[in-house]
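Asks: Just so you know, we're using the working numbering here: the sequence shown kicks off at 46 and counts up by one. Yeah, the Cβ is synthetic: ideal placement off N, Cα and C, and Gly gets one too. Have a look at the structure that comes next, please.
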Amino acid sequence: MTTIWTITPNPALDFTYRVPALNYGHSHRVDHVDIRPGGKGINVARVLAQLGYASCVTGFLGGSNGSTFRDLLTQCAPSDLLRPCFIDTDMQTRMSIAVVDSDATVFNEAGIAPQDSDWERLCDFLAKKVRPGDIVACCGSFPGDSSPTWIEAIIRTVHEAGARILVDASGDLLTAACHAGADLVKPNDIELRQTTGKDSVEEGARTLLNDGVSVVIVSEGARGMSVHGNDGAFRALPARSVAGNPTGAGDASVAAWCAFLSSYDGPMTAAALADALPQAVALSGAAVACPVAGEVDRDLYEEMLPLVKVESY
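Structural data, given as structure tokens:
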């Protein structure tokens with residue numbers, strides 16, 4: 046049976062303070078604080094759980110924040126759908142603080158880089174636990190000044206286990222993942238342009254394909270999503286615009302791709318993966334309608350799914 050794994054190298058304990066208005070230089074009384082386990086791979090796993098898919102979540106946790114993170118994670122989904130498998134480190138898990146009035150002002154700690162021995166323990170864990178046919182999604186930034194070479198080690202470990210890996214990253218991590226032969230990468234259009242220096246999505250995706258990745262998936266916000274491979278490219282437009290919080294849209298789409306790949310063992314081509322574009326686009330829209338990342342509006346997803354159209358270009 047296929048297991049879905051999500052790796053969050055740089056998780057965060059997310060604090061949200063809600064105030065009527067943020068006035069710089071003044072004290073504010075906060076009546077309620079929301080504390081949640083955060084990180085892109087965590088959001089992916091939470092969406093998968095809402096769809097009925099089980100996943101194992103791993104990455105690095107440490108310190109008192111890490112302990113709180115673990116406790117809160119058990120409240121996010123049933124234990125049979127979201128299974129924590131984190132690597133313990135001596136480094137304190139970072140915090141992310143959002144102050145929300147009519148807008149959101151966010152303060153993200155960079156995170157402290159794990160020791161090389163911690164990265165080696167993560168790779169050893171994956172080598173022992175990941176099985177042929179499994180799906181692995183490595184999501185988000187690396188903590189501190191961690192070397193991008195560790196994404197290469199993770200990809201190599203996953204492939205040696207006979208599994209496939211999707212990488213949702215940007216910049217040097219995205220480039221390194223492509224050079225290491227990741228099966229899929231999923232930048233958004235801004236990350237793609239910043240990483241490749243190409244103005245068009247098509248040129249940027251071609252650059253990454255030439256670097257060695259099998260398929261490039263590009264999130265383009267209100268313009269939908271596209272899939273690029275050496276066999277061509279396909280695009281899907283949203284059924285309609287959805288107002289709300291776009292923060293978790295990309296993570297929801299990664300969940301859709303993981304769900305699709307868990308029952309697909311054919312070649313990694315754009316044409317094959319285009320079959321999952323409607324699910325990815327509809328699920329992204331259903332995430333925008335929710336106030337926090339890691340949640341989707343199931344009714345909206347079911348409403349939009351049959352309306353998403355896919356075209357080649």
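For ILE210, which residues from the same chain have a beta carbon less than 6 Å from its beta carbon, with the 5 sequence-adjacent residues on both sides left out?
Replies: Within the sequence shown, the letter at position 165 stands for residue 210. So the qualifying residues of the chain are VAL181, ILE200, VAL203, ALA227 and ASP228.
Asks: Cα-Cα, which of LYS85, ALA331, GLY185 and THR53 is closest to SER286?
Replies: Position 241 of the sequence shown, counted from the start, is the residue given in the question as residue 286. The shortest Cα separation from SER286 among LYS85, ALA331, GLY185 and THR53 belongs to ALA331.
Asks: If I'm right that LEU322 touches VAL272 with Cβ under 8 Å, what's the distance once you round it to whole angstroms?
Replies: Position 277 of the sequence shown holds residue 322. Position 227 of the sequence shown holds residue 272. About 6 Å; that satisfies the 8 Å criterion.
Asks: Just checking my contact of ALA208 with GLY185 at CB under 8 Å: how many whole Å lie between their CB atoms?
Replies: The count along the sequence shown starts at 1 and reaches residue 208 at position 163. The count along the sequence shown starts at 1 and reaches residue 185 at position 140. Wrong, their Cβ atoms sit about 19 Å apart, outside the cutoff.
Asks: Is ILE157 buried or exposed, if buried means 16 or more other CB atoms sit within 10 Å of its CB?
Replies: Within the sequence shown, numbered from 1, the residue matching residue 157 stands at position 112. Classification of ILE157: buried, given that the 10 Å Cβ count is 16 or more.
Asks: Near PRO291, which residues of its chain fall below 6 Å by C-beta distance, leaving aside the five closest residues on each side in sequence?
Replies: Position 246 of the sequence shown holds residue 291. Only VAL333 meet the Cβ criterion.
Asks: Expressed to the nearest angstrom, what Euclidean distance is found between the alpha-carbon atoms of GLY311 and PHE305?
Replies: For the purposes of this step, residue 311 is identified with residue 266 of the sequence shown, where counting begins at 1. For the purposes of this step, residue 305 is identified with residue 260 of the sequence shown, where counting begins at 1. Cα-Cα distance, rounded: 11 Å.
Asks: Please give me, in chain order, every unbroken run of the beta strand (DSSP E) with length at least 3 that falls completely inside the stretch 195 to 224.
Replies: 209 to 213
Asks: Mind checking which residues open and close the beta strand (DSSP E) that includes SER231?
Replies: On the sequence shown, position 186 is the one that residue 231 refers to. Checking the sequence, you will find Lys at residue 231 rather than Ser. Segment: none, LYS231 is in no beta strand (DSSP E) and carries neither H nor E.
Asks: Could you please give the first and the last residue of the uninterrupted beta strand (DSSP E) stretch that includes THR252?
Replies: Translated into positions along the sequence shown, residue 252 becomes position 207. Taken as a continuous stretch (DSSP letters only), THR252 belongs to no beta strand (DSSP E), being part of the alpha helix (DSSP H) at 246 to 256.
Asks: Can you tell me where the beta strand (DSSP E) holding GLU13 begins and where it ends?
Replies: This structure cannot speak to residue 13, because the chain is shown only from 46 to 358.
Asks: Please report the straight-line C-alpha distance between VAL299 and ALA325, rounded to a whole angstrom.
Replies: On the sequence shown, position 254 is the one that residue 299 refers to. On the sequence shown, position 280 is the one that residue 325 refers to. Near 7 Å, if we compare the C-alpha coordinates of ALA325 and VAL299.
Asks: Go through the stretch 61 to 107 residue by residue and report every complete run of the beta strand (DSSP E) that reaches 3 residues or more, in order.
Replies: 78 to 83 and 100 to 107
Asks: Within 8 Å, do at least three Cβ pairs link the stretch 98 to 113 to the stretch 54 to 66?
Replies: yes
Asks: Return the Cβ separation of SER191 and PRO159 in integer angstroms, given the expectation that the two are a contact with Cβ distance under 8 Å.
Replies: Translated into positions along the sequence shown, residue 191 becomes position 146. Translated into positions along the sequence shown, residue 159 becomes position 114. Right, their Cβ atoms sit about 7 Å apart.
Asks: In the DSSP assignment, the alpha helix (DSSP H) including ARG166 goes from what residue to what residue?
Replies: Numbered from its first residue, the sequence shown carries residue 166 at position 121. Looking at the DSSP string, the run of the alpha helix (DSSP H) that includes ARG166 is 161 to 174.
Asks: Mapping DSSP to helix, strand and coil, what is ARG128?
Replies: Numbered from its first residue, the sequence shown carries residue 128 at position 83. Here ARG128 sits in strand by DSSP.
Asks: Among CYS121, PRO65 and HIS77, which one has its Cα closest to the Cα of ASN88?
Replies: What you label residue 88 is simply residue 43 of the sequence shown in a count that begins at 1. The candidate whose alpha carbon is nearest that of ASN88 is CYS121.
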